[in-house]
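With this note's numbering, the residue at position 23 of the first sequence is 1141, and numbering never jumps.
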Amino acid sequence: MSRRRLPRSFYARPTLDVARDLVGMVLVHRADGGTAAGRIVEVEAYIGEDDPACHAAPGLTARNAPLYGTPGLAYVYLNYGLHSLMNVVTERKGQPAAVLIRALEPLDGLPIMQRRRTAAGAPPHRVTPDTICQGPGNLTVALAITLAQNRADLQKGTLFLEDRGLSAARVVWTPRIGIRVGTDRHWRAIDAVSRAVSGRARTV
DNA sequence: CGTTCGATGCACT
DNA sequence: GTGCATCGAACGT
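If you want it as C-alpha cells, here you go:
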C-alpha cells in the first residue's frame, strides 16, 4: 500500500476542502513508547476572525499566532486546563484558519494507545477500537500529542498526516459540537459509517 | 436513556 | 477574575 505524506499544498487550500479531504487520511505520531496512527473520521473547520468560535476571533494574540502562519503546521492548545487539542493550519499566511481533529479509528499501535489512555485514567470501556481515539482530547492522549507539538511542521518531523488510500465513501456535514457560539455553521465533517465518531449526531 | 457537574491551566479582559 | 473547540462520573427518569 502506498503511503504518501500529505504535501503542504494539501493544507494551503480553502479550509472546508481540506476538512472534507482530511476524513479518511491517517494521522501518525512516532513518539517515545512507540508509533501510533489512526484514520481520521471526524474533523471541524474554524475559519477566520469572523467565525466567533475560531480562536482568531479576537484578532492576533500570542496563543493563536500559529493560525496566522504557515499552512501544514500543527496548532495544539490546552483546553479546560486538561486537554491538548490538535488542529492543522490551513489556507495561507495571514488568513487564520485550521481544522480540528476530533476522532480516529486506530490503525497502528493499539497496545501503546491503550497503555497511554489507561495511564491517563480511562476505564476499560473507553479503550476499545471505537473509543480509544474518540474525541479530540482522547486522541491526543492515545497518540502522545501535547503542547510540545504546537507549531510542529507536519512535513518534517515525527508528527504528520499521510494518505493510505482509505478515503471515506461518504462524508457528512453537521453543525460543530462542543462550542457555545457559531453552532450555525455546519463545518463538522464525519465519516458517515464510522462508529468511532464522537458526540450524539453520528448519522445525518 | 437523559442531564448536571467537578477537575484543571492558562490566555485574555 | 472569567471562560473555555472536554471528559467521565454521578445522578435522575
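Beta carbons are placed, not taken as given, at the ideal position from N, Cα and C, and that holds for glycine. From a predicted model like this one, the values you see are computed outputs, not experimental measurements.
Using the C-alpha atoms, what's the distance from residue j back to residue i?
i: P1132; j: Q1213; result: 10 Å
i: K1211; j: Y1195; result: 19 Å
i: R1138; j: E1167; result: 21 Å
i: V1259; j: R1235; result: 6 Å
i: R1244; j: T1188; result: 35 Å
i: G1253; j: P1247; result: 13 Å
i: L1124; j: C1251; result: 21 Å
i: P1242; j: A1287; result: 31 Å
i: H1147; j: L1277; result: 4 Å
i: Q1273; j: V1299; result: 33 Å
i: R1122; j: L1225; result: 16 Å
i: A1310; j: P1293; result: 14 Å
i: L1109; j: I1219; result: Since the first residue shown for the chain is 1119 and the last is 1322, residue 1109 is missing from the structure and cannot be characterised.
i: A1238; j: L1279; result: 25 Å
i: T1321; j: I1295; result: Low confidence applies to T1321: its pLDDT is 42, below 50, so where it sits in the model is not reliable, and the reading given next is rough at best. So the alpha carbons of these two residues sit roughly 14 Å apart.
i: A1175; j: G1317; result: 25 Å
i: V1136; j: E1162; result: 10 Å
Apart from the five residues just before and just after residue i, which ones in its own chain have a Cβ nearer than 7 Å to its Cβ?
i: Y1193; result: P1184, L1185, N1205, V1207, A1216, N1268
i: I1297; result: A1171
With respect to the beta strand (DSSP E) encompassing residue i, which residues constitute its N-terminal and C-terminal limits?
i: S1202; result: 1201-1207
i: V1347; result: No answer is possible for residue 1347: the residues shown for the chain start at 1119 and end at 1322.
i: N1256; result: Premise fails: N1256 lies in the alpha helix (DSSP H), 1254-1260, not in any beta strand (DSSP E).
i: A1307; result: 1306-1309
i: L1228; result: Note, L1228: premise wrong, no beta strand (DSSP E); alpha helix (DSSP H) at 1228-1237.
Going by C-alpha distance, which of the options is nearest residue i?
i: W1291; options: P1241, F1278, L1191, V1159; result: V1159
i: A1154; options: D1169, Y1198, G1227; result: G1227
i: D1302; options: P1229, A1237, Y1164; result: Y1164
i: V1289; options: A1270, W1305, G1275; result: W1305
i: H1201; options: M1231, A1180, G1255; result: G1255
i: V1144; options: A1174, L1257, I1295, G1317; result: L1257
i: S1285; options: P1176, G1275, E1162, S1312; result: S1312
i: G1283; options: Y1198, V1141, V1136, A1240; result: V1141
May I ask you to list the residues that DSSP assigns as paired with residue i?
i: I1165; result: A1215
i: P1242; result: None; P1242 has no bridge partner.
i: D1271; result: L1191
i: V1144; result: R1157, E1280
i: G1296; result: Paired residues: none, contrary to the question.
i: L1196; result: S1202
i: G1152; result: A1149
i: A1221; result: E1160, Q1252
Please list, in chain order, all residues of the same chain as residue i whose beta carbon is under 8 Å from its beta carbon, the five residues on each side excluded.
i: D1150; result: A1262
i: A1130; result: P1189, G1190, T1208, E1209, R1210
i: S1120; result: D1281, R1282, G1283
Could you spell out where the alpha helix (DSSP H) holding residue i opens and where it closes?
i: L1140; result: 1133-1140
i: R1181; result: R1181 -> no alpha helix (DSSP H), and no H or E assigned at all.
i: R1126; result: 1126-1129
Please work out which residues of its chain come closer than 6 Å, Cβ to Cβ, to residue i, disregarding the five sequence neighbours upstream and downstream, and give them in chain order.
i: A1270; result: A1192, L1277
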